[in-house]
């Protein structure tokens with residue numbers, strides 16, 4: 001199936017971001033095309049036009065012609081289009097409709113009213129081709145992010161679409177999850193399917209790409225063919241606002257984390273964990289951990305799924321009670337409640353943490369009487385002052401994060417914890433995030449970041465330590 | 001511009017399902033504690049009306065179609081029936097949801113006063129059981145006795161269920177529903193529209 | 001472990017409903033709970049079923065032997081509360097068994113066979129899909145509130161009513177709207193708007209097990225009804 005965009009222009013109702021202006025391109029059957037560009041450049045918009053969500057779901061005025069094998073895409077109904085175009089989105093948590101994996105894989109087939117024996121055959125085919133044996137007949141809620149995305153992919157694969165659309169499929173995944181998605185994509189490429197991926201994280205796709213379409217402010221700035229892209233160096237990419245196209249094995253040294261009793265040098269000027277053990281559901285997630293975190297440094301915690309990274313953060317900030325061990329801050333033992341007062345965690349989904357109707361008010365929650373000047377100064381530091389009267393929900397992901405950081409500064413929090421701060425951020429915003437982390441460290445805060453974003457680590461990390469499954 | 005028409009699509013159904021969960025939570029948390037205690041049970045509709053106002057206002061703004069609110073009523077009726085609630089409650093909610101949908105629909109869900117009235121009407125549905133009790137005491141008692149309610153529960157309820165109590169319940173619910181609805185309208189202006197979650 | 005048609009389960013719920021409407025609480029309630037427990041175990045849901053039965057047994061035990069130890073208002077309140085619990089138990093237990101053993105696709109295809117409109121089936125399905133997600137979201141929101149010193153205690157509410165109200169509604173509704181949009185995108189791009197009849201990978205057909213269970217439940221109900229009516233004459 002050949003795709004053609006002819007003089008396509010589009011704007012979301014009431015929003016400037018993500019619009020398209022006179023976009024023209026063609027994609028032939030079997031091509032693997034990468035759509036790249038900064039946040040808001042329009043790459044997601046193109047995927048939404050191709051799967052029909054624009055204009056029926058998102059509204060807005062679509063001008064120009066989008067042709068699939070010569071037929072205008074608007075002549076297709078949503079369910080007709082879904083058999084030709086399969087879409088995988090970025091959030092694993094809200095992509096599945098069923099609670100069980102088997103039902104989810106065949107969801108598209110059931111919607112289409114396919115016969116039962118054909119469905120069963122397809123289910124077996126998909127299981128064997130994508131190696132899903134371990135994931136069959138399981139509760140989706142209990143799967144990891146990568147496993148959920150794999151099921152989402154399988155669900156699309158089962159309907160045998162001609163075109164696969166992916167909108168930042170790796171955004172919420174760790175290294176392992178990304179590897180699994182890459183395998184799935186390799187498979188489709190071998191089978192001759194057309195793949196269009198809108199992505200920030202490029203390195204895992206480099207070997208698969210036939211062509212790169214680079215968008216800027218809704219216009220196609222450049223089309224780069226695959227081989228040229230593979231030879232582009234990091235500086236050129238960064239100048240275009242893009243992330244690296246190579247996976248460089250990190251050449252830093254992991255500090256091993258210490259599980260034995262050890263003499264600590266001086267515990268009076270750090271956050272000190274001694275013999276910390278945390279048990280969840282009768283399972284020991286952290287076992288006798290010893291670690292000191294000093295201010296003015298940025299610590300990055302890495303590790304595989306289930307190694308206990310989130311648990312470590314939650315134990316430090318007081319959300320979980322450790323089953324054994326002690327945590328002391330600047331020489332004094334601190335209880336869970338005290339730790340909660342002194343620490344702040346910037347969550348992966350910042351929407352859970354924003355409560356007010358304007359940025360200014362968000363900073364002023366719980367603040368003392370005359371904090372208005374301080375609030376404005378803090379917002380200015382975070383490059384958010386021009387939005388001070390806007391609603392927090394209208395900000396982009398990176399901006400919301402900076403707002404959460406502003407809040408933590410207003411509250412004078414000493415320990416700042418970050419859970420995957422750069423998932424889904426483009427190169428510019430990732431740099432901004434790294435700079436802000438450095439700024440915070442310079443203010444004397446204790447900074448601990450859970451991340452698997454190698455680029456972030458190389459930008460700002462002072463010490464990495466790796467958690468391993470016990 | 002109501003170009004979407006009055007027909008509901010898949011997105012509307014999904015939003016309806018999600019908001020139904022939110023409504024149910026609001027009713028259970030607000031009214032639940034009252035329903036279980038016989039001497040306080042008449043306050044159930046009042047408690048149930050406390051939290052749901054903002055949810056209601058946001059819902060009808062997101063899906064401004066009559067069918068959506070009606071479906072909420074149908075779904076809540078079905079769930080109530082499946083868990084053995086009294087038919088007065090179930091059908092009360094169903095009927096009042098439909099009436100609320102019609103009322104707010106007169107001006108395409110855009111008139112704030114009508115929306116407020118619609119919410120109050122919606123909350124009246126929760127009083128269904130108690131109306132049946134009051135107006136047809138004998139049959140309610142025999143119905144509940146047969147269902148297995150203890151005589152003492154009924155005695156307590158009967159002693160509590162005076163005309164005055166009914167009045168308190170009705171007036172109380174209307175007042176609380178109005179307040180919650182007004183809070184909902186305020187949150188709409190101050191937060192929801194500004195946040196961009198309403199189209 | 002056996003499998004029965006979701007429509008059979010619906011009918012069994014209806015019978016249980018009739019039972020709890022027409023039969024007063026007593027020994028027959030215990031019998032019915034046992035019946036539901038057998039169903040639950042047959043369907044493979046034995047852990048939760050056994051736990052539910054134990055809770056019921058404990059409460060029944062209390063009502064029989066320990067209630068007489070209380071007196072006055074405590075007695076009435078407790079007895080009344082227990083009465084309510086026993087009244088709702090059969091239906092809620094049955095609903096629990098059905099929901100826990102029916103998969104979403106199965107349910108939707110069965111309802112499609114009964115020609116129940118999608119406008120009711122999809123919202124019902126979404127309700128059960130969304131509840132666990134809501135629980136997760138809410139626990140994150142509570143955590144976030146704890147860091148800001150906001151809570152739902154009366155003291156905090158009196159100090160900052162506007163903030164507490166905002167904290168109650170805004171994150172939940174924003175995340176709910178986002179989840180709704182993402183769920184819808186995912187469902188629509190996989191063809192949920194297809195007006196044709198849904199199929200299922202599972203056999204949606206009445207089988208022997210369905211017939212037997214329906215018969216057993218119906219017979220039990222009719223017998224109990226007869227004995228009960230006969231007794232009260």
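Protein chains in written order, with full-length UniProt numbering: chain A, 1 to 470; chain B, 1 to 199; chain C, 1 to 233. The beta carbon of each residue, even a glycine, is placed where N, CA and C say it ideally should be.
Please list, in chain order, all residues of the same chain as residue i whose beta carbon is under 6 Å from its beta carbon, the five residues on each side excluded.
i, result
"residue 4/B", "Because the pLDDT at residue 4/B is just 43, under 50, the model does not fix this residue reliably, and the point stays unresolved."
"residue 173/B", "45, 46, 49 and 123"
"residue 15/C", "217 and 221"
"residue 92/B", "125 and 128"
"residue 260/A", "With a pLDDT of 49 at residue 260/A, under the threshold of 50, the modelled position of this residue cannot be trusted; read the value that follows with caution. Nothing listed; no residue qualifies."
"residue 115/A", "none"
Report the three-state DSSP secondary structure of residue i (helix, strand or coil).
i, result
"residue 348/A", "coil"
"residue 303/A", "strand"
"residue 481/A", "What the structure shows of chain A is the stretch from 1 to 470, and residue 481/A is not part of that stretch, so it cannot be assessed."
"residue 222/C", "helix"
"residue 202/A", "coil"
"residue 102/C", "coil"
"residue 141/A", "helix"
"residue 240/A", "coil"
"residue 333/A", "strand"
"residue 150/A", "helix"
"residue 166/A", "strand"
Spatial neighbours of residue i within its chain, please: C-beta separation below 7 Å, excluding the five flanking residues on both sides.
i, result
"residue 444/A", "295 and 296"
"residue 117/B", "103"
"residue 309/A", "301, 303, 450 and 467"
"residue 176/B", "46, 49 and 50"
"residue 98/C", "9 and 13"
"residue 111/C", "121"
"residue 280/A", "311"
"residue 478/A", "This structure leaves residue 478/A out entirely; chain A is present only between 1 and 470."
Considering only residues of the same chain and omitting the five flanking positions on each side of residue i, which have a CB-CB separation below 8 Å?
i, result
"residue 210/A", "31, 32, 33, 225 and 226"
"residue 424/A", "90, 168, 171, 172, 200 and 397"
"residue 408/A", "344, 346 and 416"
"residue 334/A", "327, 328 and 342"
"residue 43/C", "1, 2, 3, 4, 97 and 101"
"residue 88/A", "95, 149, 152, 153, 156, 164, 165, 166, 167 and 169"
Kindly list, in the order they appear in chain A, the residues whose Cβ is closer than 9 Å to that of residue i.
i, result
"residue 195/B", "357, 391, 392, 393 and 394"
"residue 133/C", "93, 94 and 141"
Kindly list, in the order they appear in chain C, the residues whose Cβ is closer than 7 Å to that of residue i.
i, result
"residue 368/A", "Neighbours of residue 368/A on chain C: none; closest Cβ ~13 Å, over 7 Å."
"residue 423/A", "Result: empty, since nearest Cβ-Cβ is about 16 Å, beyond 7 Å."
"residue 1/A", "Here the premise fails: no neighbours, minimum Cβ distance about 16 Å."
Which residues in chain A have a C-beta closer than 7 Å to the C-beta of residue i? List them in chain order.
i, result
"residue 11/B", "57"
"residue 129/C", "97 and 99"
"residue 141/C", "352"
What whole-angstrom Cβ distance do residue i and residue j have, given they're in contact under 8 Å?
i, j, result
"residue 189/C", "residue 82/A", "5 Å"
"residue 57/B", "residue 115/B", "6 Å"
Since residue i meets chain B, which of its residues come closer than 8 Å, beta carbon to beta carbon?
i, result
"residue 176/C", "18, 19 and 22"
"residue 120/C", "71, 74, 75 and 78"
"residue 179/C", "18"
Kindly list, in the order they appear in chain C, the residues whose Cβ is closer than 9 Å to that of residue i.
i, result
"residue 129/B", "Chain C residues near residue 129/B: none, gap ~13 Å exceeds 9 Å."
Under 8 Å Cβ-Cβ, which residues of chain A neighbour residue i?
i, result
"residue 137/C", "352"
Can you pull the chain B neighbours of residue i, defined as C-beta to C-beta under 7 Å?
i, result
"residue 123/C", "13, 16, 17, 20, 71 and 75"
If the cut is a Cβ gap below 7 Å, which residues of chain E does residue i touch?
i, result
"residue 79/A", "Of the protein chains in the structure, A, B and C, none is chain E."
Which bits of chain C does residue i rub up against, with CB to CB less than 8 Å?
i, result
"residue 206/B", "Limits of chain B in this structure are 1 at one end and 199 at the other, which puts residue 206/B out of reach."
Which residues, taken in chain order from the region 38-52 of chain C, show a beta carbon closer than 8 Å to some beta carbon of chain B? For the region 38-52 of chain C, no residue has a beta-carbon sitting nearer than 8 Å to a beta-carbon of chain B.
For the region 43-71 of chain A, list every residue whose C-beta sits within 9 Å of some C-beta in chain B, in sequence order. Considering only beta carbons, the part of the region 43-71 of chain A lying closer than 9 Å to chain B consists of 56, 57 and 59, in chain order.
Beta carbons nearer than 8 Å to chain C: which residues of the region 170-193 of chain B have them? Residues of the region 170-193 of chain B whose Cβ lies closer than 8 Å to any Cβ of chain C, in chain order: 183, 187, 191 and 192.
Which residues of the region 25-36 of chain B have a Cβ closer than 8 Å to any Cβ of chain C? Give them in chain order. Flagged, chain order: 25 and 36.
For the region 107-124 of chain A, which residues have a beta carbon sitting closer than 7 Å to at least one beta carbon of chain C? Result list: 107, 108, 110, 111, 112, 113, 114, 115, 116, 119, 120 and 123.
Which residues, in chain order, does the region 82-110 of chain C contribute to contact with chain A at a C-beta distance below 8 Å? For the region 82-110 of chain C, which is checked against every Cβ of chain A, the residues closer than 8 Å are 103, 104, 105, 106, 108 and 109.
With 8 Å as the limit, tell me which residues of the region 147-174 of chain C have their beta carbon closer than that to any beta carbon of chain A; keep them in chain order. Correct list: 147, 148, 149, 150, 160, 163, 166, 167, 170, 171 and 174.
Listed from N- to C-terminal order along the chain, which residues in the region 181-202 of chain C have their beta-carbon within a distance smaller than 9 Å of any beta-carbon of chain A? Against chain A - using a Cβ distance shorter than 9 Å - the residues of the region 181-202 of chain C are 181, 182, 183, 184, 185, 186, 187, 188, 189, 190, 191, 192, 193, 194, 195, 196, 197, 198, 199, 200, 201 and 202.
In the region 312-327 of chain A, which residues sit with their C-beta less than 7 Å from some C-beta in chain C, listed in chain order? For the region 312-327 of chain A, which is checked against every Cβ of chain C, the residues closer than 7 Å are 319.
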